Amino acid sequence: MSIQTVATRPFAGQRPGTSGLRKKVTEFQQPGYLENFVEAIFLTIGGGAGRTLVVGGDGRYFNREAVQTILRMAAAHGVERVLVGRGGILSTPAASCVIRKHAAHGGILLSASHNPGGPDGDFGIKYNIENGGPAPEKITEAIFAHTQALTSYRISDAPALDIDVLGTSRIENTVVEVIDPVADYAALMGRLFDFEAIRALFAGGFTMRFDAMHAVSGPYAKTIIEDMLGAPAGTVINGEPREDFGGHHPDPNPVNAAELIALMNGPGAPDFGAASDGDGDRNMIVGRGIAVTPSDSLAIIAANATLAPGYAGGIKGIARSMPTSTAADRVAEALGISCFETPTGWKYFGNLMDANLVTLCGEESYGTGSHHIREKDGLWAVLFWLNLLAATRKPVAQIVGEHWARFGRNYYSRHDYEAVDAAAADGMMTALRERLPELAGRTLDGHQVAEADDFEYNDPVDGSVSTRQGIRIIMRDGSRIVFRLSGTGTEGATIRLYLERYEPDPARHDLDTQEALASLAAVADDISGLRERTGRDRPTVVT
Ligand code: VG1
Ligand code: CO
Numbered sequence: 020m021s022i023q024t025v026a027t028r029p030f031a032g033q034r035p036g037t038s039g040l041r042k043k044v045t046e047f048q049q050p051g052y053l054e055n056f057v058e059a060i061f062l063t064i065g066g067g068a069g070r071t072l073v074v075g076g077d078g079r080y081f082n083r084e085a086v087q088t089i090l091r092m093a094a095a096h097g098v099e100r101v102l103v104g105r106g107g108i109l110s111t112p113a114a115s116c117v118i119r120k121h122a123a124h125g126g127i128l129l130s131a132s133h134n135p136g137g138p139d140g141d142f143g144i145k146y147n148i149e150n151g152g153p154a155p156e157k158i159t160e161a162i163f164a165h166t167q168a169l170t171s172y173r174i175s176d177a178p179a180l181d182i183d184v185l186g187t188s189r190i191e192n193t194v195v196e197v198i199d200p201v202a203d204y205a206a207l208m209g210r211l212f213d214f215e216a217i218r219a220l221f222a223g224g225f226t227m228r229f230d231a232m233h234a235v236s237g238p239y240a241k242t243i244i245e246d247m248l249g250a251p252a253g254t255v256i257n258g259e260p261r262e263d264f265g266g267h268h269p270d271p272n273p274v275n276a277a278e279l280i281a282l283m284n285g286p287g288a289p290d291f292g293a294a295s296d297g298d299g300d301r302n303m304i305v306g307r308g309i310a311v312t313p314s315d316s317l318a319i320i321a322a323n324a325t326l327a328p329g330y331a332g333g334i335k336g337i338a339r340s341m342p343t344s345t346a347a348d349r350v351a352e353a354l355g356i357s358c359f360e361t362p363t364g365w366k367y368f369g370n371l372m373d374a375n376l377v378t379l380c381g382e383e384s385y386g387t388g389s390h391h392i393r394e395k396d397g398l399w400a401v402l403f404w405l406n407l408l409a410a411t412r413k414p415v416a417q418i419v420g421e422h423w424a425r426f427g428r429n430y431y432s433r434h435d436y437e438a439v440d441a442a443a444a445d446g447m448m449t450a451l452r453e454r455l456p457e458l459a460g461r462t463l464d465g466h467q468v469a470e471a472d473d474f475e476y477n478d479p480v481d482g483s484v485s486t487r488q489g490i491r492i493i494m495r496d497g498s499r500i501v502f503r504l505s506g507t508g509t510e511g512a513t514i515r516l517y518l519e520r521y522e523p524d525p526a527r528h529d530l531d532t533q534e535a536l537a538s539l540a541a542v543a544d545d546i547s548g549l550r551e552r553t554g555r556d557r558p559t560v561v562t
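Under the working numbering, residues 20 to 562 are what the sequence shown spells out, in order.
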């Protein structure tokens with residue numbers, strides 16, 4: 020075994036997006052591509068001496084190879100100890116949990132999350148810092164700067180390590196410990212939720228279907244929901260992680276999890292349905308005949324937080340990403356706690372949680388979580404709902420209906436235009452940005468514009484400023500139209516259009532969502548020229 024210095028040249032485009040670097044697998048397979056990015060991480064964090072690092076991923080195609088490369092590079096950079104999930108597996112929330120529990124310096128997480136996997140799919144890598152959360156922008160920018168200037172990387176020539184058996188071995192002077200990917204995480208969940216009450220719920224005949232979408236959360240869900248909470252075998256479906264996610268799109272929304280939605284809307288539906296994404300950090304909550312929007316789920320969790328033992332003392336504050344509906348703001352107001360609005364991406368929540376300003380965080384993109392870790396957490400949200408259902412013994416639809424009756428309903432929808440021409444998308448955003456000053460004060464199809472701006476975030480903890488985080492047009496009545504470009508896609512550009520309308524009157528809480536938002540959608544198209552500029556006459560996905 021010896022440490023090699025290998026000559027390399029920079030690759031263009033290694034700037035991390037909303038959540039790490041995501042590219043086609045074929046791009047990652049180029050010699051030196053992954054190595055360069057990992058080298059840039061080590062250069063940014065100042066090497067590995069005396070440090071513990073966590074490594075794992077969502078099990079998608081190329082995960083195993085990438086883990087072996089990272090282990091050999093960690094050894095070359097003198098990392099003292101690496102904790103790697105058995106089989107190279109660690110869900111994103113579990114990785115965050117392991118980093119915190121074992122006081123690691125950080126972690127390298129391998130996932131392209133909700134993006135499809137397989138040889139023709141996507142792969143991704145990101146660095147998490149010692150609080151267990153995604154590296155903030157100043158670190159991802161430093162990593163990017165290093166990728167642009169690299170001339171070599173260092174790697175051990177040790178043979179591949181057996182990562183399928185628990186135990187400890189060595190590469191060079193680095194201790195590599197293969198750990199159970201589920202144990203630490205499952206123990207943490209047991210401390211946050213009333214497992215006894217949930218066990219009693221299942222024992223009483225409560226039925227559930229959890230669709231793991233052949234992604235990483237299968238083993239976690241089976242251990243916790245079936246083994247620990249006593250749900251019958253078969254409650255977790257598509258529970259075996261596969262390298263290509265069984266050909267499915269591991270993005271839990273009513274479009275991609277159509278089978279689960281059909282089941283929940285059909286005769287003999289189980290009491291509760293849920294799904295999670297590729298790396299296990301997203302969740303979808305479904306009741307009989309109702310899919311709960313993620314924004315509503317965050318608000319409902321906040322309003323009922325004290326029912327779960329881990330939050331019995333109350334919550335400090337809530338944070339939501341800007342495009343997420345303002346349903347949680349109303350709960351925060353009622354509770355007399357603060358509500359923060361951050362840019363899209365979990366990395367912006369870390370400072371707020373570290374400073375103990377917020378307990379709960381959420382995004383409209385099926386992401387919810389709390390200060391128990393520093394990533395969003397799919398199974399955590401599902402367990403919270405199980406705790407809520409066990410404590411109230413009410414059906415999901417009733418819980419949601421009562422919440423709307425108390426706080427009003429925020430009709431909400433996201434329209435995605437995927438893989439559109441990047442120049443056309445940029446052109447649309449630029450033109451819209453230029454129009455913002457003249458939009459304020461105007462009345463558009465009966466909606467009076469109160470404010471129109473390009474969202475800028477001033478982090479209250481470290482004072483950092485993030486600009487151009489999405490264009491928002493806020494109406495007098497609280498309705499909103501938001502436009503932003505995705506930072507996770509790998510083909511062309513994806514335009515996300517977010518629509519929200521607030522309805523306080525319970526007599527008007529059973530409208531069809533798209534109908535309720537139709538006028539705002541028309542205004543959005545009118546002011547942006549979206550359809551004309553992109554040549555699309557309808558969104559690719561509506562959630
Ligand atoms: C999307 C979501 C965002 C989420 C991000 C990572 O980003 O909109 O809310 O934090 O994915 O989620 P974008 O830039 O494509 O809109 V995950 O579960 O893919 O890591
Ligand atoms: Co994810």
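Backbone N, C-alpha and C define an ideal beta-carbon position, used for all residues, glycine too. For clarity, every value in this text was computed on a predicted model and none was experimentally measured.
### Task
Out of A331, G446, T166, state which residue places its alpha-carbon closest to the alpha-carbon of R552.
G446
### Task
Label R28 either buried or exposed according to how many other C-beta atoms from any shown protein chain fall within 10 Å of its C-beta, with 16 as the threshold for buried.
Exposed.
#### Entry: Ordered list of beta strand (DSSP E) runs contained in the stretch 108–160, each at least 3 residues
Runs of the beta strand (DSSP E) spanning 3 or more residues and lying entirely within the stretch 108–160 occur at 125–129, 141–147, in chain order.
### Query
For A327, which of T532, L379, Y204 has the nearest alpha-carbon?
Minimum Cα distance to A327 is reached at L379.
### Task
Please state whether DSSP places H165 in a helix, a strand or coil.
Here DSSP, grouped into helix, strand and coil, assigns H165 to helix.
### Task
Over the uninterrupted beta strand (DSSP E) stretch that includes G266, give me the two end residues.
Careful: G266 lies outside any beta strand (DSSP E) and carries neither H nor E.
### Query
Quick one: what does DSSP say L379 is sitting in, helix, strand or coil?
strand
### Query
Using a threshold of 7 Å, is the CB atom of S384 nearer than that to any non-hydrogen atom of ligand 1?
yes
### Task
Give the secondary structure of Q488 by DSSP, where H, G and I count as helix, E and B as strand, and everything else as coil.
coil
### Query
Among P525, G297, L518, which one has its Cα closest to the Cα of V561?
V561 has its Cα closest to that of L518, out of P525, G297, L518.
### Closer than 7 Å: G297 CB and nearest ligand 2 heavy atom
Yes.
### Task
Check the C-beta distance from V542 over to H466 and give it rounded, since I have them as a contact under 8 Å.
6 Å
### Query
Apart from the five residues just before and just after D290, which ones in its own chain have a Cβ nearer than 6 Å to its Cβ?
Around D290: F225, T226.
#### Entry: Inter-residue CB distance, I356 and G329 (contact presumed, cutoff 8 Å)
Contact flag wrong, Cβ pair sits at about 17 Å.
### Task
Measure the Cβ-Cβ separation of A252 and E245 and say whether it is below 8 Å.
yes
### Task
Consult DSSP for R349 and reduce its assignment to one of helix, strand or coil.
helix
### Task
Could you check what DSSP says for L405 in three-state terms: helix, strand or coil?
helix
#### Entry: Same chain only: Cβ atoms within 7 Å of R41, ignoring 5 sequence neighbours per side
A131, N134, D141, G143, T507, T509
### Task
Between the Cα of N82 and those of G104, F214, S547, spot the shortest distance and give me the residue it belongs to.
N82 has its Cα closest to that of G104, out of G104, F214, S547.
### Query
Is DSSP giving Y204 helix, strand or coil here?
Note: Y204 maps to helix in three-state DSSP.
### Message
If distances are taken between C-alpha atoms only, which option among S505, P200, L516 comes closest to R499?
### Response
L516
### Query
With a cut-off of 8 Å, do at least 3 Cβ pairs link the stretch 190–210 to the stretch 93–108?
Contact holds: three or more Cβ-Cβ distances are below 8 Å.
### Task
Answer with buried or exposed for S316, where buried requires no fewer than 16 other C-beta atoms within 10 angstroms of its C-beta.
Buried: at least 16 other Cβ atoms inside 10 Å.
### Message
Is R487 close to ligand 1? I mean its beta-carbon at under 7 Å from any heavy atom of the ligand.
### Response
no
### Task
Measure from the alpha carbon of G497 to the alpha carbon of each residue in R503, M232, N429, then state which is nearest.
Nearest of R503, M232, N429 to G497, Cα basis: N429.
### Query
How many whole angstroms separate the CB atoms of N302 and Y385, which I take to be in contact at a CB cut-off of 8 Å?
Contact annotation, N302 with Y385: C-beta distance approximately 6 Å; criterion of less than 8 Å satisfied.
### Task
Using only the heavy atoms of ligand 3, determine whether one of them is closer than 7 Å to the beta carbon of D290.
You won't find ligand 3 in this model; what it holds is ligand 1 and ligand 2.
### Task
Using 10 angstroms around the beta-carbon of E457, count the other beta-carbons present and answer buried if the total reaches 16, otherwise exposed.
exposed
### Query
Who pairs with G386 in a beta bridge, going by DSSP?
In DSSP, G386 forms a bridge with R301, E382.
### Query
Considering only the beta carbon of each residue, do I22 and S175 sit closer than 8 Å?
yes
### Task
Report the rounded CA-to-CA distance for G292 versus S547, giving the unit in angstroms.
37 Å
### Task
Answer yes or no: the CB of W365 versus the heavy atoms of ligand 1, is any distance below 7 Å?
yes
#### Entry: Whole-angstrom C-beta distance between W365 and P35, which should lie under 8 Å
P35 to W365, Cβ: 13 Å. No contact.
### Minimum C-alpha distance to L180 - residue among G107, A346, G39, G388
Distances from the alpha-carbon of L180 to those of G107, A346, G39, G388 put G107 closest.
### Query
In chain order, which alpha helix (DSSP H) runs of at least 4 residues are fully inside the stretch 491–523?
none
#### Entry: Of the listed residues D544, R461, R91, T559, nearest to R173 (C-alpha basis)
Ranking D544, R461, R91, T559 by Cα distance to R173 puts R91 first.
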